[in-house]
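Report on one structure; see the data block that follows.
Residue numbers (my numbering): 30 to 444.
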């Protein structure tokens, strides 16, 4: 399907190697963490991380996505500088908010988490910016090294404090420390990072040129990430933190291949797709090859989880996590659809159809709210998950079809 000599496959394998080692570390420590931390700890951690993940979309104004498609390295570096400034402002805004709330005595119980959140959001903005910069310049070996370092630091911290004093706060701090170490690693390894400051005079020009990213894709990103994190928030709120913990483990395990293989394919696909669009005005052959590859890689694991998910979870994570296994059997088809679509929907950005993507993300949010609202009315988290899964399958199929149309050069935004 792909030539072994092709740069595309080499890039995929490079990213895949780093991603697989990173995910192996994450998955390998899960049976340890599930015996150290309770489902309630995981539920509180997942709830915090969901809020942070949603807020971090704002950290760069989504301008980091423009780094890949900028015309010329000077414009790409200027856009990188723009993203870093926005990230600093975002973190500063959350910090000031935390100080004000504390001074007025609001959210005393959770106020310390806002201080963590300020630093966390800023770091995520830095990391996403540097990641896309490395991706643009084809520094896939460096990307692989960084994700391995991040997972290793998180694993060491969370396990160590799981023995000393297990609690959700140490799951949170471990995550922050991992991202902080990743940013430091990039700054140390990427000697050319200082070049971005040469083009600071172009910041306003880049902010206007790619205004569609904050204008449309910022909201689409909020809806997209919100849709992904909303189930944790809704389940924790409507059905308790224990069910939130079950869901978070299910999501952690099923999301691994999406992040592992899907993320690796995406890193190479977007570079090749942008190149094909520049040269030929379309990338339909690449689209079909990647789609078939993703489906055939996923079909066997999907069937295993569909029929034996509960038994697998009880064996790996302990008998108290059987409910998480049941959740996995219900949700696996949604994750299959997400897995196949995850790299290919980048075509919405190449086609600069952020407005279409915004509509799609609104639909995802509606389906998620509707599913769990109905489940809550019938006092059944399982019913909520079934409706949520069915809606996801339909919408991801629609996304794939529209992405294929974009890959043929149809409906692409023309300036």
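Glycine included, C-beta positions come from ideal geometry on N, C-alpha and C.
None of the values given here were measured: they were computed from a predicted structure.
Query - Start-to-end residues for the alpha helix (DSSP H) that takes in residue 370 - result: 351-370
Requested in this report: Take residue 359 as the anchor and find which of 152, 339, 252 and 174 has the nearest alpha-carbon.
Outcome: 339
Requested in this report: Return helix, strand or coil for residue 119, following the three-state DSSP convention.
Outcome: helix
Requested in this report: Report yes if the C-beta distance between residue 278 and residue 353 is below 8 Å; otherwise report no.
Outcome: yes
Query raised in the report: Where does residue 194 fall in DSSP's three states?
Result: coil
Query raised in the report: How is residue 441 classed by DSSP in three states: helix, strand or coil?
Result: coil
Query raised in the report: When the distance is taken between beta carbons, is residue 181 closer than 8 Å to residue 316?
Result: no
Query raised in the report: Hey, how far is the Cα of residue 47 from the Cα of residue 190?
Result: 26 Å
Query raised in the report: Do the CB positions of residue 90 and residue 243 come within less than 8 Å of each other?
Result: yes
Query - C-alpha distance - residue 265 paired with residue 184, whole-angstrom precision - result: 24 Å
Query - First through last residue of the alpha helix (DSSP H) which encompasses residue 422 - result: 410-436
**Report entry** Exposure of residue 63, with buried meaning 16 or more beta-carbon neighbours within 10 Å
**Finding:** buried
Query raised in the report: Cα separation between residue 420 and residue 396?
Result: 6 Å
Query raised in the report: DSSP three-state call for residue 114: helix, strand or coil?
Result: helix
Query raised in the report: Is residue 168 helix, strand or coil when you go by DSSP?
Result: coil
Query raised in the report: Is it buried or exposed for residue 57, if we count other Cβ within 10 angstroms and need 16 for buried?
Result: exposed
Query raised in the report: Taking just the CA atoms, how far does residue 306 sit from residue 68?
Result: 47 Å
**Report entry** Residues near residue 222 by beta carbon distance below 7 Å, same chain, minus five either side
**Finding:** 216
Query - Cβ-based burial, residue 129 [other Cβ within 10 Å; buried from 16] - result: exposed
Report task. Could you say if the stretch 323-333 and the stretch 394-408 meet the contact criterion of at least three C-beta pairs nearer than 8 Å? Result -> no
Report task. Grab me the residues of residue 258's own chain with a C-beta within less than 7 Å of its C-beta, minus the 5 sequence neighbours each way, in chain order. Result -> 79, 82 and 83
Query - Sequence-distant residues of its chain with Cβ nearer than 7 Å to residue 438 (five each side left out) - result: 310 and 311
Query - Close beta carbons around residue 415, own chain, < 7 Å, minus the five adjacent residues each side - result: 359
Query raised in the report: Which residue from 171, 77, 98 and 291 puts its Cα closest to that of residue 368?
Result: 291
Query raised in the report: By a C-beta neighbour count over all protein chains shown, 10 Å radius and 16 as the cutoff for buried, is residue 125 buried or exposed?
Result: exposed
Query raised in the report: The alpha helix (DSSP H) with residue 280 in it runs from where to where?
Result: 270-286
Query raised in the report: Beta carbon of residue 9, beta carbon of residue 70: below 8 Å?
Result: Residue coverage of the chain in this structure runs from 30 to 444, which leaves residue 9 outside it and unanswerable.
Report task. Check whether the Cβ atoms of residue 40 and residue 297 sit closer than 8 Å, and answer yes or no. Result -> yes
Report task. State the start and end residues of the unbroken alpha helix (DSSP H) segment that holds residue 390. Result -> 383-406
Query - Cβ neighbours of residue 86 in the same chain (closer than 6 Å, five flanking residues each side left out) - result: 250, 251 and 254
Requested in this report: Answer with buried or exposed for residue 227, where buried requires no fewer than 16 other C-beta atoms within 10 angstroms of its C-beta.
Outcome: exposed
Report task. Work out the CA separation of residue 141 and residue 25 for me, nearest whole Å. Result -> Residue 25 lies beyond the stretch modelled for the chain, which goes from 30 to 444, so this question has no answer here.
Query raised in the report: Counting pairs of Cβ atoms below 8 Å between the stretch 105-123 and the stretch 145-162, do you hit three or more?
Result: yes
Query raised in the report: In terms of residues, what are the limits of the alpha helix (DSSP H) holding residue 236?
Result: 232-238
Query raised in the report: Nearest CA to the CA of residue 385: which residue from 270, 269 and 248?
Result: 248
Query raised in the report: Just reading off the alpha helix (DSSP H) that residue 316 is part of, what are its end residues?
Result: 313-346
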